[in-house]
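According to this note's numbering, the sequence shown holds residues 12 to 1138 in order. In this text, a Cβ means the ideal position worked out from N, Cα and C, and glycines have one as well. Note that the coordinates shown come from a computational prediction; the quantities given were computed from them, not determined experimentally.
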Amino acid sequence: TAVIRRNTIVQRPGDLNDRHYSFTNYRSVNYIQISITAALVASQQFKGASDIATYTMVRPNCGLCSEPVQREQPSISSCQIKLIPNNTDDKLNRILNELQCIKSQQIKSDELLSGISLTMYALSDKVVQQRKNISALGHSVNSFGNQLNTDSNEVKSQGQLIGGLETRILAVEKTLSNITVSSSTTETTPSLNDIAREVQLRTLLAVNLIIRDSILRAYRIGKTADNKPRLLKIVLSSRAAVDSVVTTFPKLQINPPDHLRPVSITRDRTQSERQYERSIKNLVPGEKEENPISRSDTTMEFLRLYQLLSTQKMEIASNVQHSKNLKAFTSPALDQKLDRNPNNSSFSRGGGVLIAIKSSLKSHPVPLNVSNVEQVYAVMSINTNNFLVGCVNLPPVAPLIIVESHLSSVENVISNLKPHSVILCGDFNIPHINWSSDLLGLSASGDFNPVSHAIVDSFSFLNFFQLNSISNNQGNTLDLIFSNSNKVTVCLATEPLWYVPNKTFHSPKFPHWTSPDLRNLILHKKRAHAVYKRSNSAANYSSFSELRAKCKRLSKIDYQSYISSSEKMLLHNPSAFWKFTKELNQNNTIPCTLSLDNETEDSPTDSANLFSKYFSSVFRTAQFSFTDFPQDNIYPYDLPSNCYFTPDDVLAVLYPLKNNFSNGPDGISGRLLFNCRDSIAFPLFMLFRRSLDEGIFPVAWKTCSVSPVLKFGDPSLVSNYRPISILPHIAKLFESIIYSCVKRSLNHIIIDDQHGFRPGKSTVTNSLVFTSYILESFESGCQVDIVFIHFEKAFDTVDHCRLITELARLGIGNPLLSWLQSYLNSRTQYVKDHGAFSNLSTISSGVPQGGHLSPHLFILFTNTIHNYLSTSKILLFAVDIKIYLKISSPLDCFQLQSDLDSFCKWTQRLGLILNLNKCHFMSFSRKRVSLMHPYFLNGFPLKRVFEVKDLGFYLTPTLSFENHMIITIGRALKVLGFIKRNTRLFTSIPCLSSLYFSLVRSTLEYGIVVWQPYLARDRLRIERVQNRFLAYAAYVLNISHPLHDYSTIKSSLNVSTLSFRRFNADINFISALLNCSIDASDLLSSISFRIPIYPTRNHSLYYVLSHRTNYNHNHPIHRMLRLLNTI
């Protein structure tokens, strides 16, 4: 027997904080020894043998005694059974011999059978192998057949391609011996002038080109229309005659006779070439000028023509033969083009040059013998003056031979044509050259190379001026304009070129899971429906009905494939799976039209500025300086003034960015930082280290973007939104490193009543402390009056000067204090709404929302609140504050009001603003008549409420969680309905289980240790929510089970009952509280160990008080202790 004296202090072994507990209940400890003697009955082999075992039952109490006392008891005599031997005769011997013979035969037969079975096993293995060989051979035959089908289809497609090519070759061969002649006018009936012109044309071709016998026939082609010319098609005898005409006729057009001025000749085109040329000509809308251009307007018309109709780098399909060949159109315009090809460039994409000239101007292209340069030239005749226009594109780092070919061709063209004026424009790709022109001609300076030297020397010889001074984004002038006149002005085009088509992007009309085949089928179905509506024919309806059925069938197939791929993402890419889940319930609540006060905006930019105006209105300017703020009550805390970290710490904070694909305000994505982590870890370390040592936070990291999020009410009112700040990723990394260095030191100086953003504390611990206090007050027959405090924009109205002063009073020094001051000051933000951005606004107060340091800076800012309360209790979770007191008389009410007045003085000292419309109070009582007393804040009467939501828990004056249970079950059922509507095609057990666990069960089990139901009907109501999911999962996954029996489904899905999980939650919470994983000293002090002073039959480890009422009997801590006593 061991006796514990009173007032003995026992230290609990393994306590990390070396805390001591005083035991208030003592009993004596008895060790009961029980000896059990067992006798074993002897068998035939062990006659009269007996075994005696002695067992000692020892019950230790709390580990206070080291060794149990054992006492032996006299053994009990065992029973002995004697076996009487039997005599055998000869008959029995013979029987035994026969039995031995039979046994030997049986052994032989067993051996034979075993050999046969082994043989059969070997044969079966061979049969299985033969079957596998036959199956493999069948697969080979099938694959060979599929390959044959593929080859046959390819042969058919090649045959069709060859047939198409043969058709095109025949069409080209038919047109090789033809030319077409176009004129400016064509009459509907032949006239004498028309016939005479054709005779003169025949005579010209016969005499000058010496092809007298080559013309076979000539006739008009095309439809007759007013003011539109018809082509004259001339059929020659050979291809050589066509080439001779096409190459020789442009020379005659330099000084043509009057009757041939409007005539142009080109090689005949095939039908596909004509269609393509029409599409090209349609891109260049023509303008017909009624009045001819006078001599004084010649220069201006030339410059306007160059500005609007000359371009470069326009890629044209290569299936039309153009190159150096002459093309002339008398309808909308004349365009001379040259595409990029292997002869003039090694690049396969881009490039090409084009000159388009109005049809009202007399012009013709200039043939060239150079094929290795992307260049074209054209001559325009305005009155008696000829103007030469050239366009060239030299690729970057062009070989010198290409540049010399271009320069020689320019000199040859100018020497042969002798134009009045020359303009040569193009992309010469000569960077780092400064061009200038004076009266003496061209001059250049900069980084020269052989190419630039050749261009400058050649164009200086030609007396050219470089007229373009507009550079690109890199500051280089690559697009150059050379002319022999220095009176040309170059400016940026104010309108896009007419012949460059604009591509319009439309938002997709189909869901992203639809396949191209389904989209095409839907379009065909709509056309068929339109045809049926117009005709009202049964045959058309049958076609429409067939297409509609195909659409439905293919839509189901595509959606099922999309669901299957989404299910697979849970294992390989969980973030993509949850993104898919979020898209199912995505709803943009921000309308296009927003209003603030009497101001209404509907454009995205104006709406963003309206949000910015409202969010910026809550900021306050500094009202106190550091010297104005009182410096008393300096705390003797040894807080860090610097932070020490390594490059490995920087690398460690980069790893969580693996699945972060969002971009910060600086445009840098988290995924980019993760992919470059090994390269940027040390540079970031150096940058962070220098920033902290100098006490300066970089300005580039002080800009944040704000996204509006609807809080409640009308979504068209800007005042119903709250801002969510998005900070740069690098700035958040820096903050996380600073916080990890100082959090341990700062956590020790924060008051225990603060449960927000602290390790070991949460909303559950806050609510448990509060409910325990109320239940204990109910036990003593008192009521509890509580005042719920709400600030107005608490995080946004923190005065920077006061915050820095509070940090200095706590003991934080430089350079960390200077760095925090730089971190808070001179910050800016902008609002992003519907893709539009607002103007930048300055943040003059508050802590940056969304940062790692912001909540802890606010907690330190409000850490002195307990100095202003004398009697009342207080609980905080960041900005949520509860001030309460047990009321047993009116004097307690006056004491609570006195503490409220002191609290108001504290808020005025810190510059915080109370939102008096949201501040209210409640009286918790189980008595029939409660003490009704009014309370005031700054002279404002507070409203008494009878239901309040605090940290996610719905509270009533009787502390009954009935209403909270109803709301929680309703929310869980709502989410479960969403899951059922969107997962009917799911076939994956992990996906369904993950959705239920994350979205439904987590809602049912939030803070369950606080409000755990103790009535059977309430437990059944909660369990029915899970049973609904189990029934749905059994239906979707085809799990057979008896009616209303969910055990089979639970085992298939590995789902335990909610009551069992509540039991585990209680055990885990009290274990974490005893292991100090949960930091709640108020809750820990309410646990008492049971140490009896005399022997009893109660073996409970923890002492639990008895209660007269059910609600006190189910006190959360007492309930948990009772469960532990039953284990």
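Taking the CA atoms as reference points, N1075 sits about 43 Å from P901. A check of alpha carbon separations from K713 across V501, I815, T839 and D468 identifies T839 as the nearest. Between the segment 885-893 and the segment 761-770, the count of C-beta pairs closer than 8 Å reaches three or more; the two stretches touch.
With fewer than 16 other beta carbons inside 10 angstroms of its own, C502 counts as exposed. With fewer than 16 other Cβ atoms from the protein chains shown falling within 10 Å of its own Cβ, N1086 counts as exposed.
The alpha-carbon separation between N547 and L534 amounts to approximately 19 Å.
By the Cβ criterion, the segment 847-861 is in contact with the segment 807-815, since at least three pairs of Cβ atoms, one from each stretch, lie closer than 8 Å. In this structure, DSSP gives N495 a state outside helix and strand, which the three-state scheme calls coil. At a cut-off of 3 residues, the continuous stretches assigned as beta strand (DSSP E) that sit fully inside the segment 386-443 are 396-404 and 432-438. If the five residues before and after H1124 are omitted, its C-beta is found closer than 7 Å to the C-beta atoms of H1118, all from its own chain and listed in chain order.
Contact check for T776 against I1089 passes: the beta carbons are separated by less than 8 Å. In the same chain as P968, and ignoring 5 residues on each side of it, the C-beta atoms closer than 7 Å to its own belong to M933, S934, F935, S936 and F957, in chain order.
In the DSSP annotation of this structure, the continuous segment of the beta strand (DSSP E) that includes A367 starts and ends at V364 to K369.
At a Cβ-Cβ threshold of 8 Å, L821 and L650 count as neighbours.
Residue state for M580 is assigned as helix, using DSSP reduced to three classes. In this structure, the alpha-carbon of F696 lies about 43 Å from that of V780. Distance check between I707 and each of S718, E610, G724 and S837 places S837 closest, using alpha-carbon atoms only. In the DSSP assignment, V775 is bridged to no other residue. Between the C-alpha atoms of E612 and R631 there is a straight-line separation of about 26 Å. One alpha carbon belongs to H464, the other to L365, and they sit about 27 Å apart.
Contact annotation: the segment 1034-1045 does not touch the segment 1089-1098, with fewer than three C-beta pairs closer than 8 Å.
The segment 975-987 makes contact with the segment 1010-1024; the number of CB pairs closer than 8 Å reaches 3 or more. Each residue's CA atom was taken as its position, placing N144 and T130 some 21 Å apart. In this structure V629 touches K804 by the C-beta definition: roughly 4 Å separates them, less than 8 Å.
Excluding the 5 residues flanking it on each side, L558 has same chain C-beta neighbours closer than 8 Å at L532, H535, K536 and A539, in chain order.
Between S1082 and V1021, the alpha-carbon positions lie close to 16 Å from each other. In this structure, L698 lies away from L684, with their beta-carbon atoms at least 8 Å apart. Scanning the segment 714-782 from its first residue to its last, the whole beta strand (DSSP E) runs of 3-plus residues come out as 714-721 and 732-737.
DSSP places Y625 in the helix class (H, G or I) of the three-state scheme. Taking a cut-off of 8 Å on C-beta distances, the segment 579-588 does not touch the segment 563-570, as fewer than three cross pairs fall below it. The Cβ atoms of Q477 and L491 sit closer than 8 Å to each other. With distances taken between CA atoms, Y965 lies nearest to G1018 out of G1018, F622 and M943. A Cβ-Cβ distance of about 7 Å is found for the pair I737 and S718, placing them in contact under the 8 Å criterion. Following the DSSP letters along the chain, one finds Y841 inside the beta strand (DSSP E) bounded by residues R838 to D844. The alpha carbon of S747 has as its nearest neighbour, out of V499, N850 and H863, the alpha carbon of H863. With fewer than 16 other CB atoms across the displayed protein chains lying within 10 angstroms of its CB, T1137 is exposed.
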